[in-house]
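Undergrad: The working numbering numbers the first residue of the sequence shown as 7 and each following residue consecutively. Cβ atoms here follow ideal geometry from the backbone N, Cα and C, with glycine treated the same way. This is the structure I want to talk about, given as structure tokens.
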Amino acid sequence: MMAEYYLRYWNENQGLTFTALRYGNVYGPRQDPNGEAGVISIFARRFLTHEGVRIDWDGEQRKDYVFVGDVARANVQALKRGDNEIFCIGTGRPVSVNEIYQTLAKLTDFEAPITKAPKRPGDIYQAFFECGKAERILAWKPFVSFEEGAKATVDFFRQQA
7 MMAEYYLRYW
17 NENQGLTFTA
27 LRYGNVYGPR
37 QDPNGEAGVI
47 SIFARRFLTH
57 EGVRIDWDGE
67 QRKDYVFVGD
77 VARANVQALK
87 RGDNEIFCIG
97 TGRPVSVNEI
107 YQTLAKLTDF
117 EAPITKAPKR
127 PGDIYQAFFE
137 CGKAERILAW
147 KPFVSFEEGA
157 KATVDFFRQQ
167 A
């Protein structure tokens with residue numbers, strides 16, 4: 007957020023035009039399924055290869071997962087209408103890790119073995135956006151439901167196998 011203060015400063019003092027977008031957890035096809043981030047792509051690959059998954063904490067922590075295609079549309083709209091504004095880009099609907107697991111199990115017809123793990127340092131229990139400003143000014147709102155986006159992600163990884 008400090009960068010946003012600098013943007014405002016340079017706008018007010020030097021006339022710099024800016025637009026800042028704060029993204030929720032972006033997911034979808036082509037997301038890297040390796041590493042620590044990207045639970046949906048990590049789980050999708052592991053479900054499709056019949057491997058187990060790790061669920062930290064109690065799995066009820068909820069975050070705002072927004073489909074990459076919706077994010078791309080938000081970027082285009084911000085280029086057209088977003089001068090000197092800061093927008094949250096998400097769905098406003100938090101999804102838990104357990105919901106991700108259940109959705110992917112249904113889509114892959116496989117129940118991956120679960121390894122439970124403790125809360126990781128820095129984990130937050132709930133985070134999601136209010137995106138009314140993006141809808142009002144950018145004429146943007148997410149179109150892809152979590153279930154549709156999860157299916158597109160699974161289908162992509164299925165084709166890669």
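Helix or strand or just coil, what does DSSP make of S47?
TA: Three-state DSSP puts S47 in a helix.
Undergrad: Is the separation between the beta-carbon of G96 and that of V59 shorter than 9 Å?
TA: In this structure, V59 does not lie closer than 9 Å to G96 by Cβ.
Undergrad: Between the Cα of F135 and the Cα atoms of F53, M8, R68, L13, which residue gives the shortest distance?
TA: Nearest option by C-alpha distance: R68.
Undergrad: So, at 7 Å on beta carbons, what are the nonlocal neighbours of D38 in its own chain, with the 5 sequence-adjacent residues on each side left out?
TA: G44, S47.
Undergrad: Alpha carbon to alpha carbon, what distance is there between E57 and S102?
TA: If I take the Cα positions, the gap works out to 20 Å.
Undergrad: Decide if the segment 78-91 is in contact with the segment 120-135; the criterion is three or more beta carbon pairs, one per stretch, under 8 Å apart.
TA: Touching, no.
Undergrad: I need the straight-line Cα distance from A78 to V32, nearest angstrom please.
TA: Going by the C-alpha atoms only, they are around 10 Å apart.
Undergrad: So is Q83 buried or exposed if we call it buried at 16+ other beta carbons inside 10 Å?
TA: When all chains shown are included, Q83 counts as buried.
Undergrad: With Y71 as the anchor, note down where its beta strand (DSSP E) starts and where it stops.
TA: Start and end: 68-73.
Undergrad: Could you compute how far the alpha carbon of R142 sits from the alpha carbon of T23?
TA: Their Cα atoms are separated by approximately 20 Å.
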